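Accompanying notes for the structure given below.
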Amino acid sequence: MEKKIRREDALEYHAKGRPGKIEVVPTKEYNTQRDLTLAYSPGVAEPCLAIAENIEDVYKYTAKGNLVAVISNGSAVLGLGDIGPEAGKPVMEGKGLLFKIYADIDVFDIELNTKNVDEFVRTVKILEPTFGGVNLEDIKAPECFEIEERLKRELNIPVMHDDQHGTAIISAAALLNALELTGKKIEDVKIVVNGAGASAISCSKLYISLGAKVENFVMCDSKGVIRADRNDLDERKSQFITSRDLHTLEEAMVGADVFIGLSKGNVVTPDMVRSMAKDAIVFAMANPTPEISYPDATAAREDIIMATGRSDYPNQVNNVLGFPFIFRGALDVRATEINEAMKLAAVHALADLAKKSVPDLVNLAYGESNLMFGRQYIIPKPVDPRLLTTVAPAVAKAAMDSGVARQPITDWEAYEHQLARRLGQDNQISRVILNKAKSDPKRVVFADAENLKVLKAAQQVRDEGIAFPILLGEVSRIRSIITENNLDLGNVPILDPRAPEQDELIQKFSAIYYEKRQRKGVNATEATKQMYYRNYFGVMMVEAGEADAVISGLTRNYPDTIRPALQVIGKEAGVKKVAGMYILLTKRGPLFFSDTTVNFNPTVDEIVEITELTARAVERFNIKPRIALVSYSNFGSAKGDDAVKMNQAVEILQRKHPDLIVDGEIQAHLAFNTDLLKLNHPFSKLVDEGANTLIFPNLAASNIAYNLLTESAGNDAIGPILLGLRKPVYVLQLGSSEREIVNMVAIAVVEAQGK
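This is the structure:
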């Protein structure tokens, strides 16, 4: 089940560090006086004059073409209602974040302190020169209809009210696929819509554009069925007056083929679902509580096709499947509007994508072996990397075909490559790992539980369903930290190895440890003594089957935490050296670095084994490793022990694994600069795509590299990930953040699933 977010966690997230969720980042050089004179006076005069001469050059010389305004007056915020523009600002910032991470669109959020339609429209209209598009958000009905209609008429840039059209587009794609699976035609089906607000009206009108008949609709609002004898109907509701003698939702659902819920939770009963026609299609999209829960609806009848707005059940109708990619396509052809043709193109693109073979990355994220088109999969998943390269081109083409594109695309293959590069290939890896962990959470021991960051991370993984935490430490101390910081860890077990109640486990563990180490200088007394240390106790829990993984090291030296893992868990069969790997989440996608933590100055053979272990680890994330063995030399251009060592290791690897993309020795910058590589070393295996995995000649080089990239470039890091152990033991970097701990736990769970 989807977990409830704690108020304290939400407030901390929005307040921590730099407040807000988006910032302005320079895109041009600014370090020298020349840079600044070009950026501002006097150099800036030239683009100003060029734009004055040809106004379309504003797209060439400014951010307008990739800048969307998310505009609201806070009158209908999420499920919170009319809370005002300031209170709605966090939502608008969040929308901006989604635009950026899904489609690389920059956003200014604008909150207007007015409910007057004329004032609202006038304000947005005079802002038009700044923006390439306008996303209207959280404006109450009926004003939202008039505002959007007027702005679409009066502005010459794309305008869309996502609350109206987002759900309509996504649910329409799901409806087309559900009807195909049931063998029903859209023009024949009887549709019940519960809710008569902006989203319900827009959904219904879009379904009609797809072929549904208005006479087959029954729409209900809070007062019941919309009928001709009601005198409280506005012009928009009046479009959906039914001639059938129905008064209640319960009556309307009898014999219906489709139920569309855009109202409030728990208004539909299992009996109402059972009263529907064969192969009932139920989209209960009220959020977070659907009109009927997924378990209740699917238990009511086996032939149902069910969708909700929730992420913890199949077929999630999520607006993020639409608006980023619709605006991306509209901006890229400089469309003057988002019209019906473009919305329908998005519908068909989404519907078609659900029928295509699902990438391994998506299967991994949802813990599936082979997602495929069917009753449990009628709409793509939000993590599907193909959404950008599928929906945006479809929308762009529809804009061109319908005559609203001012800059048509001529090379579609180049456009798709451009889209793929915008976000960094496979850069959703952290979300994929977390989703995969949630699919089958495991028991994870936290060996440093007398620490606030560790406890907060433990609460998060428990609340999110990532893992079942087990806390090690002094019970009273841990409970005190929990109480002092208003944490809620419920009945999470807390074990103190030194407490008398753990004597039975101590004896069990010491016997196992003594058997493992009796011929390596450890006697029975020493074996028992070691078990009182949390690091040994924690890894022994994993070895003895009392837990599935252990996380340690936050407050201890690295050797003190890795030694118990090597002595108790031991290496995988055939592995001579364990290694440490970091994942850096960069704009170009994830980068994998080895060995970052264990081997000081590995030999040629050890470099070969480290590379093999790293390649297997990268493949576990469903990413094809492209490996560069880096040094200060390029393919023998300089001599020295490190260069020769890496060169020899490459020869061995290419001989042992001819299908592996591995090359070197090579300087780090050249491993990424494919143009330079093609010019100087066209024979390299890395010329096509460059490296995503770097193997370093020694611990100093790798440790310096990943720390520089995390601190100076602001990249998130996940690690160190120990490679080559029989069972998951993860040693945190000293002072790891709460977020880093959560990421490590998720990776430990994913590895435990595989083990």
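Take the sequence shown: its position 621, counted from the start at 1, is 621 in the UniProt record's numbering, and no numbers get skipped. C-beta: ideal position from N, C-alpha, C; glycine also. Quick caveat, the model's predicted, so the values are computed rather than measured.
Among the options, nearest to residue i - alpha-carbon criterion
{"i": "Ala573", "options": "Glu12, Leu262, Gly724, Gln316", "result": "Gly724"}
{"i": "Val192", "options": "Leu155, Glu250, Glu180", "result": "Glu250"}
{"i": "Ser480", "options": "Arg462, Glu450, Leu78, Leu471", "result": "Glu450"}
{"i": "Leu495", "options": "Asp35, Ile105, Phe145, Val475", "result": "Val475"}
{"i": "Asn73", "options": "Thr37, Gly81, Asn66", "result": "Gly81"}
{"i": "Ala307", "options": "Val218, Arg534, Leu175", "result": "Leu175"}
{"i": "Ala69", "options": "Asn54, Val124, Gln648, Ser430", "result": "Val124"}
{"i": "Gln733", "options": "Glu751, Ala297, Gly719, Pro500", "result": "Gly719"}
{"i": "Ser209", "options": "Asn339, Asp104, Gly132", "result": "Asn339"}
{"i": "Pro142", "options": "Ala76, Ala638, Lys95", "result": "Ala76"}
{"i": "Glu93", "options": "Glu23, Gln33, Lys115", "result": "Glu23"}
{"i": "Lys343", "options": "Ala330, Leu127, Val444, Lys355", "result": "Ala330"}
{"i": "Pro290", "options": "Lys264, Asp162, Leu353", "result": "Lys264"}
{"i": "Thr597", "options": "Arg616, Thr561, Val604", "result": "Thr561"}
{"i": "Lys577", "options": "Pro602, Thr130, Ala549", "result": "Pro602"}
{"i": "Pro728", "options": "Tyr30, Ala256, Asn673, Ile551", "result": "Ile551"}
{"i": "Ala544", "options": "Lys223, Val445, Asp595, Ala420", "result": "Val445"}
{"i": "Asp104", "options": "Ile326, Ile147, Tyr61", "result": "Ile326"}
Cβ-based neighbour list, residue i, same chain, cut-off 7 Å, excluding 5 preceding and 5 following
{"i": "Met540", "result": "Phe509, Ile512, Tyr513, Met531, Val568"}
{"i": "Asp440", "result": "Gly367, Gln753"}
{"i": "Val362", "result": "Leu371, Lys381, Val383, Asp384"}
{"i": "Lys152", "result": "Val159, Glu337"}
{"i": "Phe600", "result": "Asn698, Leu699"}
{"i": "Leu653", "result": "Val608, Thr611, Leu660, Val662"}
{"i": "Gly636", "result": "Asn647"}
{"i": "Arg18", "result": "none"}
{"i": "Ala349", "result": "Thr390, Val391, Ala394"}
Where the alpha helix (DSSP H) through residue i begins and ends
{"i": "Thr27", "result": "No alpha helix (DSSP H) contains Thr27, which DSSP labels as neither H nor E."}
{"i": "Asp163", "result": "162-182"}
{"i": "Val444", "result": "Run containing Val444: none in the alpha helix (DSSP H); it sits in the beta strand (DSSP E), 442-446."}
{"i": "Glu46", "result": "45-53"}
{"i": "Thr389", "result": "386-401"}
{"i": "Val604", "result": "604-620"}
Cross-strand partners of residue i (DSSP beta bridge)
{"i": "Leu725", "result": "Lys571"}
{"i": "Val70", "result": "Asp109, Asn135"}
{"i": "Thr693", "result": "Phe592, Ile627"}
{"i": "His284", "result": "Here residue 284 turns out to be Ala, not His, going by the sequence shown. BP columns for Ala284 point to Gly261, Thr308."}
{"i": "Met219", "result": "Val193"}
{"i": "Gln316", "result": "Thr308"}
{"i": "Val77", "result": "Gly81"}
{"i": "Ile718", "result": "Ile583"}
{"i": "Leu495", "result": "Leu472"}
{"i": "Val225", "result": "Cys220"}
{"i": "Tyr730", "result": "Ile551"}
{"i": "Ala335", "result": "Ala405"}
Nonlocal neighbours in the same chain, by C-beta distance under 8 Å from residue i, ignoring five residues either side
{"i": "Lys456", "result": "Asn485, Leu487, Glu738"}
{"i": "Leu262", "result": "Thr167, Val193, Asn194, Gly195, Gly197, Ser199, Ala200, Cys203, Met285, Ala286"}
{"i": "Glu2", "result": "The predicted position of Glu2 is uncertain, since its pLDDT is 48 and thus under 50; no value can be drawn from it."}
{"i": "Asp478", "result": "Here residue 478 turns out to be Ile, not Asp, going by the sequence shown. Answer for Ile478: Ala449, Glu450, Leu455, Leu471, Ile494, listed in chain order."}
Cβ-Cβ distance between residue i and residue j below 7 Å
{"i": "Leu629", "j": "Glu665", "result": "yes"}
{"i": "Val404", "j": "Ala346", "result": "no"}
{"i": "Ala178", "j": "Ile378", "result": "yes"}
{"i": "Ala173", "j": "Ala437", "result": "no"}
{"i": "Pro270", "j": "Ala300", "result": "yes"}
{"i": "Ser631", "j": "Pro697", "result": "yes"}
{"i": "Phe99", "j": "Leu112", "result": "no"}
{"i": "residue 761", "j": "Ala280", "result": "For residue 761 there is no data in the structure shown, the boundaries of the chain being 1 and 755."}
{"i": "Ala717", "j": "Leu584", "result": "yes"}
{"i": "Leu677", "j": "Val687", "result": "yes"}
{"i": "Ala256", "j": "Lys205", "result": "no"}
{"i": "Gly65", "j": "Asp138", "result": "no"}
Cβ-based neighbour list, residue i, same chain, cut-off 6 Å, excluding 5 preceding and 5 following
{"i": "Gln425", "result": "Note that Gln425 scores a pLDDT of 49, beneath 50, so its modelled location is shaky; the value from the coordinates is reported in the next line. For Gln425, where only same-chain residues beyond five positions count, the Cβ hits under 6 Å are Gly589."}
{"i": "Phe537", "result": "Pro497, Met531"}
Limits of the unbroken beta strand (DSSP E) element including residue i
{"i": "Ala549", "result": "549-552"}
{"i": "Gly580", "result": "579-586"}
{"i": "Val192", "result": "191-194"}
{"i": "Phe373", "result": "No beta strand (DSSP E) contains Phe373, which DSSP labels as neither H nor E."}
{"i": "Glu665", "result": "661-666"}
{"i": "Ala467", "result": "467-472"}
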